[in-house]
Ligand code: HEC
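Numbering (this note's numbering), first residue to last: -16 to 171.
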């Protein structure tokens, strides 16, 4: 192969290479592109509700309330109960509505009000509605009982829960004892 031919071939390769490299640049100059403000194909991200999941990382509650019960405000609890009356009746002769009647609920067995169709989740809990379980349930019903039918966000303020539970305790011919100092100490 003579030198001239070799040079021509080399030159051709060089040119091709330069064009390939420059091509992109030229295209960029000819077709200015802007950053898209939004994704051309927006990706739908569903808002996943955290209800029903156990407490989110930022959740600190439920705070202990046993120590608050002896000085809790029953009248304030009665007012708070307006949040519940859409679904619950509180009097001794109260009827089941969307939710079961709540007379004599403190220390009653969970899911045992006559004639009410409880969720399997609640019945499956077993045990009694003592102060601590009421505190946990009323803080965030769906976190305490996954699958409960009670559609209520919860009472986030410890004093609200204490007042509410003190009111529930008063709904009885013979209210159960207030927590002992030992129980209060053990709760923390
Ligand atoms: C939207 C309706 C609704 C509201 C509002 C509501 N509840 Fe309920 N509640 C229910 C239902 C339904 C159940 C039964 C849950 C199940 O079977 O899982 C229930 C169950 C309960 C239980 C357990 C009863 C048992 O016999 O085991 C308690 C205690 C209770 N609710 C207290 C309250 C209090 C206190 C409030 C207000 C702060 C309240 N609920 C607000 C519907 C409601």
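Heads up, the beta-carbon is just placed ideally off N, CA and C, and yes, glycines get one too.
The model shown is predicted, which means the values in this text are computed figures rather than measured ones.
Subject >> Outcome for residue 120 when other beta-carbon atoms lying within 10 angstroms are tallied against a minimum of 16 >> reply: Counting Cβ neighbours within 10 Å, residue 120 comes out buried, since at least 16 surround it.
Original post:
For residue 64, is the beta carbon positioned less than 7 Å from some heavy atom of the ligand HEC?
Top reply: Yes, the ligand HEC has a heavy atom inside 7 Å of this Cβ.
**OP:** Quick one: using the 10 Å Cβ neighbour count with 16 as the cut-off for buried, is residue 39 buried or exposed?
**Re:** In this prediction, residue 39 scores a pLDDT of 46, lower than 50, which makes its location untrustworthy; the coordinate-derived value is nonetheless stated afterwards. Exposed, because fewer than 16 other Cβ atoms sit within 10 Å of the Cβ of residue 39.
Original post:
Should residue 208 be labelled buried (16 or more other beta-carbon atoms within 10 Å of its own) or exposed?
Top reply: Missing from the structure shown is residue 208; the chain here goes from -16 to 171 and no further.
Original post:
What are the boundary residues of the alpha helix (DSSP H) that residue 169 is part of?
Top reply: Residues 164 to 170.
Original post:
Which of helix, strand or coil does DSSP assign to residue 111?
Top reply: Note: residue 111 maps to strand in three-state DSSP.
Original post:
At which residues does the alpha helix (DSSP H) containing residue 143 begin and terminate?
Top reply: Residue range 141 to 153 is occupied by the alpha helix (DSSP H) that includes residue 143.
Subject >> Chain-order list of residues whose beta-carbon lies under 7 Å from that of residue 34 (same chain, five-residue window excluded) >> reply: In this predicted model, residue 34 has a pLDDT of only 48, less than 50, meaning its place in the structure is not dependable; the value taken from the coordinates is given anyway. These residues qualify, in order along the chain: 125.
Original post:
Given that a residue counts as buried once 16 or more other Cβ atoms are within 10 Å of its Cβ, and exposed if not, what is residue 92?
Top reply: Exposed, by the Cβ-count rule.
Subject >> Beta-carbon proximity list for residue 117, same chain, < 6 Å, skipping 5 on both sides >> reply: Excluding sequence neighbours, residue 117 sits near 148.
Original post:
Between which two residues does the alpha helix (DSSP H) harbouring residue 127 extend?
Top reply: Its alpha helix (DSSP H) spans residues 124 to 127.
Original post:
In whole angstroms, what separates the C-alpha of residue 166 from that of residue 44?
Top reply: The C-alpha of residue 166 lies about 18 Å from the C-alpha of residue 44.
Original post:
Relative to the ligand HEC, is the shortest distance from any of its heavy atoms to the C-beta of residue 61 smaller than 7 Å?
Top reply: Distances taken from the Cβ of residue 61 to the heavy atoms of the ligand HEC include none shorter than 7 Å.
Original post:
the ligand HEC heavy atoms versus the CB of residue 128: any closer than 7 Å?
Top reply: Result yes, Cβ under 7 Å from the ligand HEC.
Original post:
Secondary structure at residue 60, three-state DSSP: helix, strand or coil?
Top reply: Residue state, collapsed to three classes: helix.
Original post:
Could you give the residue range of the alpha helix (DSSP H) that holds residue 50?
Top reply: Looking at the DSSP string, the run of the alpha helix (DSSP H) that includes residue 50 is 49 to 52.
Original post:
Is residue 87 closer than 8 Å to residue 138 when the C-beta atoms are compared?
Top reply: For residue 138 and residue 87, no; Cβs fall outside 8 Å.
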